[in-house]
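Only one structure is covered here, and it is reproduced in the block below.
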Amino acid sequence: MGNFVELRFTSSPVHIFIVGFVMMAALACSGCNSAQNSDLTPEQRQLRTGKELFDKSCSPCHGAHGNGMGARSGPSLQRTEYRYGSGPAEIYTSISAGRNGGMPPFSSIYTADQIEALVQYTLYLRQ
Ligand code: HEC
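FYI, numbering that gives the first Met the number 0 numbers position 48 of the sequence shown as 47, with every residue one higher than the one before it.
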């Protein structure tokens, strides 16, 4: 008898309505997420890429957010004046070709776009 009641309930129009509503909500939510992603400007997306690469490859030496407190030697990147120049072109060369005092070259590890994202993130760290 209990089974019979349950069966009747699961196939009731109310139940179908609830299932439909939950599915619609799930669909609406996934739409929401992708809308949020495409809401980012190209600059914001580039900074996000730069931060991901920085956290992985640079923070061990330069510290979190380039604060100079990394486990290995790397100067703070939050200074306004850089030893090898503070403009985007000089920073690009520092990252791409490396510097004699222990900065490794990244030109064979990252694409030009990825290095550009790292340059923009480095500039952002100084603000
Ligand atoms: C193995 C440790 C190490 C890693 C990894 C590393 N750096 Fe460096 N970096 C250094 C050191 C040491 C210097 C100082 C070089 C010098 O003064 O000649 C430096 C210098 C620099 C400079 C030039 C600073 C100036 O004053 O001109 C920039 C820009 C820089 N690094 C960015 C980065 C970025 C971005 C990454 C990640 C892609 C990175 N570094 C990864 C150790 C590291």
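Positions of the beta carbon are idealized from the N, C-alpha and C atoms, including for glycine.
Can you find a heavy atom of the ligand HEC that lies under 8 Å from the Cβ of residue i?
i             : result
serine 93     : yes
leucine 39    : no
arginine 98   : yes
methionine 68 : no
serine 72     : yes
serine 56     : yes
arginine 78   : yes
tyrosine 123  : no
glycine 101   : yes
glutamate 89  : yes
Are the CB atoms of residue i and residue j nearer to each other than 9 Å?
i             : j            : result
glutamine 45  : glutamate 89 : no
glycine 101   : serine 72    : yes
arginine 125  : serine 93    : no
glutamine 119 : proline 87   : yes
serine 58     : histidine 64 : yes
tyrosine 127  : leucine 52   : The structure shown has nothing for residue 127, since the chain only spans 0 to 126.
proline 41    : histidine 61 : no
glycine 69    : glutamine 77 : no
What does DSSP give as the partner residues of residue i in its beta bridges?
i           : result
arginine 98 : Met102
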